[in-house]
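Down below is the structure, laid out as structure tokens.
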Amino acid sequence: MTASQWHRRAFRPRQARKCARRATAVALAQPHGLVGPTQFATTQTRTMWFEFMQDLPAAANLRWVPRDYLGNDQWFAAPLWACPLDPNRCATAAQNVPQIDLSYLGPTTRGRPDAEMTLKPTYFGASGNVPVDDDVRPFSTLNPTRSDINRNNRRHHFISVVYMNGFADDRGRVQVYRCEAPEDPHPMNPRAIGFERDYYSQPLPDGGRENHRFEDLWNTIETVWPETVQALAARRLSPAISFNVLGMAAIMRARVPATRDRHALRLETKLRTEHKVAEEIGVLPPELKCYAGQFDTVPIGINPHETLLAMEAEFKDFGDLCFQLGFEVLHNKTSVPFLTSDNPVCSYDPRQAFLARSPYDHAGEVELIFPVSARMLIRGSSKLAPANMISRHRTIADTQKVRQLNRTVAQFSYRMTIGKDRSSDDMIRLHATLVPTITAEVRRHEKKILIICRNVFGPMPMLSQYIDTPEKAARLEASMAAASQTGLWTVGAAPD
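Counting along the sequence shown from 1, when you hit position 72 you're at 72 in UniProt numbering, and nothing is skipped either side.
Below, the structure written as structure tokens:
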């Protein structure tokens, strides 16, 4: 079966859940294998390809490229600002959000003769059957489904508040270093940072919006986080502790803006390439001909719902990674607290020099760090065993080692770095100009196009605003027309 055949079959709406389960099994059994039209030569480099069909349809029905890896084949038939979603997919995604399977993270009790602790009902499938360890509940025992009645909170945190509390000072505040002004940190309450309005909101087929299901899913892990951190501080080890820690690491890898922006950049590159080719071969739809010659610079806003759907693949990728790593807890006994950020899960090849490092390079030796609090940090390594669980505690009394770990945290930060005090001011300022992002290279060979995306540290990407109403589209067109007179238009600009 070719990639495009697998892809067309896999993303039929009626088979979405079945394919998701199958993809999970394939991903766990064969990490980094072929998944639809996206191939991982290494986990550092993602390649997307699509093939031209022999007989191109008319411009009004422009569907000459197989469905992209998010299953949306309607982009070509609409203006750039519309990017319509399949209503069936919207309905399916909205109904199934609480069933995203995080339960393969952390050890389970299958085949363990010592699994004698109490097992409670699980809401995350059989793999979530992790025993309760004294006062530490596995997050899989909590029901992620809640009623939407009388719930109007649309301020969605992409950094868990209960997680940030572990880095607060005696007044309950953290020092926040914004990437655009790292020299001017502000002491802030964790509830006042790390959020966006409607960050997890989803469209419903009836025209409404769903605002809470992702938040409810994260809440299962956040509810058990304080008791899990307390158990780590007491240097305890158990399946439930490992399960909860890796669950928190998974959602803090998948939900953050750094990850969602990388997905958006991949889709933007694909759209630009598709439309440039359509222009070259003379099948550009009439409504897009006004953009001819501008597809390198015209703003292309990606529907944020597409990056929400991409989080499932992030969970699976992180699950694959956890099965390659063993984990330990590092206890900081120095006067310098650990930093964290809005992108706190850092993974890389430790053999690379710091300044030559590529983020998320999992092709060879791998190291992962995840600050848990100002005094504790999870370290994963492909050299540690057993895999997929925390197996030991160690103490760090060397300030230089703590600063080395903090340097990596600062390097991976995206919009903001977070600290308990200002002992790392110079280090944070030094690394504020570069963030983990991607570069894209387009290669063409006969009737195939390859888009190779590489993880790099580079300038903060400028993403265009998603235009979802005719009014916004009209303002954008007016802005572009005015800018064309001065030549000042740049990618990433958006209407007010």
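Yeah, the Cβ is synthetic: ideal placement off N, Cα and C, and Gly gets one too.
Fair warning: this is a prediction, and the values are worked out from it, not measured in the lab.
Q) From Glu116 to Pro344, what distance separates their C-alpha atoms? A) For Glu116, the predicted model reports a pLDDT of 38, less than 50, meaning its position is unreliable and no value from the coordinates is stated.
Q) Under the DSSP definition of a beta bridge, which residues are partnered with Arg439? A) In the sequence as displayed, the identity of residue 439 is Thr instead of Arg. Per DSSP, Arg454.
Q | Burial state of Cys290, where buried means 16 or more other Cβ atoms lie within 10 Å | A | Answer is exposed; the Cβ neighbour count stays below 16.
**Q.** Classification of Asp426 by the beta-carbon crowding that lies within 10 angstroms, buried from 16 upward
**A.** Classification for Asp426: exposed.
Q) Starting from Cys322 and walking both ways along the alpha helix (DSSP H), at which residues does that stretch end? A) Secondary structure note for Cys322: its alpha helix (DSSP H) is the uninterrupted segment 311-322.
Q. Which one of Arg255, Tyr360, Arg154, Ile251 has the shortest CA to CA distance from Thr437?
A. That would be Tyr360, whose Cα lies nearest to the Cα of Thr437.
Q | Contact set for Pro257: own chain, Cβ-Cβ below 7 Å, skip 5 residues either direction | A | In chain order, Phe158, Asp342, Tyr414, Arg415 place their CB closer than 7 Å to the CB of Pro257, counting only its own chain and leaving out the 5 sequence neighbours on each side.
Q: Let me know if His305 comes out buried or exposed under the rule of 16 or more other beta-carbons within 10 Å of its beta-carbon.
A: Counting the other CB atoms within 10 Å of its CB gives His305 a total of 16 or more, which places it among the buried residues.
Q. Which ranges would you report for the beta strand (DSSP E) in the segment 214-243 if only whole runs of at least 3 residues count?
A. If one requires a minimum length of 3 residues, no beta strand (DSSP E) run lies completely within the segment 214-243.
Q: Look up Ser464 in the DSSP assignment and say whether it is helix, strand or coil.
A: Three-state result, Ser464: coil.
Q: Note down, one range per segment and in chain order, each beta strand (DSSP E) of at least 3 residues found wholly within the segment 364-416.
A: Within the segment 364-416, the complete beta strand (DSSP E) runs of at least 3 residues are 367-373, 376-381, 390-396.
Q.
What does the alpha-carbon distance come out to for the pair Leu321 and Lys270?
A. Taking the straight line joining both Cα atoms gives about 26 Å.
Q.
To the nearest angstrom, how far is the alpha carbon of Ala231 from that of Asn153?
A. Whole-angstrom Cα-Cα distance: 31 Å.
Q) Does the Cβ of His362 have 16 or more other Cβ atoms within 10 Å, making it buried, or fewer, making it exposed? A) Under the 10 Å beta carbon count, His362 is surrounded by 16 or more other beta carbons and is classified as buried.
(Q) Residues in the same chain with beta-carbon distance under 8 Å from Asp216, minus the five sequence neighbours each way, listed in chain order, please. (A) If we look at Asp216 and ignore the five residues flanking it on each side, its Cβ neighbours are Pro98, Pro144, Thr145, Arg146.
Q) Around the C-beta of Phe124, are 16 or more other C-beta atoms found within 10 angstroms, so that it is buried, or is it exposed? A) Classification of Phe124: buried, given that the 10 Å Cβ count is 16 or more.
Q.
With a threshold of 7 Å on Cβ separation, who are the neighbours of Thr228 within its own chain once the five nearest residues in sequence on each side are excluded?
A. Cβ neighbours of Thr228 beyond the five flanking positions: Val136, Ile241, Asn244, Val245.
Q: Starting from the C-beta of Asn165, find all residues in its chain whose C-beta is less than 7 Å away, skip the five residues before and the five after it, and write them out in chain order.
A: Within the same chain, Asn165 has close Cβ partners Pro190.
Q.
Quick check on the DSSP output: the beta strand (DSSP E) that includes residue 500 runs from which residue to which?
A. Past the edges of the chain, shown from 1 to 496, lies residue 500, and the structure says nothing about it.
Q. Can we say the segment 195-214 touches the segment 365-379, given the rule of at least three CB pairs closer than 8 Å?
A. Contact between the segment 195-214 and the segment 365-379 is absent, because fewer than three Cβ pairs lie under 8 Å.
Q: Can you tell me which of the three DSSP states Ser347 falls into?
A: DSSP places Ser347 in strand when its eight states are reduced to three.
**Q.** As assigned by DSSP and simplified to three states, the class of Gly419
**A.** The answer is strand: DSSP assigns Gly419 an E or B state.
Q: Give the DSSP bridge partners of Arg209, in chain order.
A: Note: Arg209 sits in a beta bridge opposite Pro203.
Q: Can you tell me which of Leu339, Arg260, Val224, Glu268 puts its alpha carbon nearest to the alpha carbon of Ala313?
A: Out of Leu339, Arg260, Val224, Glu268, Arg260 has the C-alpha closest to the C-alpha of Ala313.
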